[in-house]
Amino acid sequence: MKVQDLPAYKSAAKLAQSIFEISKQFPEEEFEIVTKPIRLSSRNVCVHLSQAMCRRKYVKYYQTTLVDADSANGQTRTWLELASTCQYIDEKTLAPMLERCTAVGTMIQHMMDHPERFK
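Per the numbering used here, the sequence shown starts with residue 94, numbered consecutively.
Below, the structure written as structure tokens:
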């Protein structure tokens with residue numbers, strides 16, 4: 094099983110790309126403080142999912158790495174909310190992104206709860 098075939102990975106990668114595109118419009122002076130961290134956290138979800146799949150023979154390591162993926166997903170959600178508070182993302186754009194974060198989190202939790210299905 095390739096990590097790129099996982100629904101969680103596909104959804105997280107799509108979200109990361111959406112964030113990359115919308116963050117191009119953020120103010121230049123916010124690059125280090127908002128733009129860079131939101132891009133990094135969204136991409137880290139995919140990176141941690143990839144690491145978890147490499148560790149799936151060792152259930153505890155696999156699950157721990159999925160916790161890291163879920164944490165990165167939570168960070169992404171927080172950055173999206175903060176960007177919205179600063180009016181860098183409108184509510185119409187924000188809502189589906191937050192829905193995708195929730196869906197990714199649910200999929201990651203499923204992977205943690207059922208490691209035997211991902212061997």
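Every residue gets a Cβ at the ideal spot worked out from N, C-alpha and C, and that includes glycine.
At a cut of 8 Å, does the region 153-163 reach the region 123-136 through at least three beta carbon pairs?
no
task = For Tyr-181, name the three-state secondary structure that DSSP assigns.
result = As a working mapping, residue 181 is identified with position 88 in the sequence shown. Three-state DSSP puts Tyr-181 in coil, outside helix and strand.
Fill in: Burial state of His-141, where buried means 16 or more other Cβ atoms lie within 10 Å
Position 48 of the sequence shown, counting from 1, holds the residue named residue 141. Buried, because 16 or more other Cβ atoms sit within 10 Å of the Cβ of His-141.
Using 8 Å as the threshold, is the region 179-186 in touch with the region 115-126, meaning 3 or more CB pairs across them?
-> yes
Please return the same chain residues whose Cβ sits closer than 8 Å to the Cβ of Ile-131, not counting the five positions on each side in sequence.
If you number the sequence shown from 1, residue 131 lands on position 38. Sequence-distant partners of Ile-131 (beyond 5 residues in either direction) whose C-beta falls short of 8 Å from its own C-beta, in its chain, are Ile-112, Ser-116, Thr-169, Trp-172, Leu-173, Ala-176.
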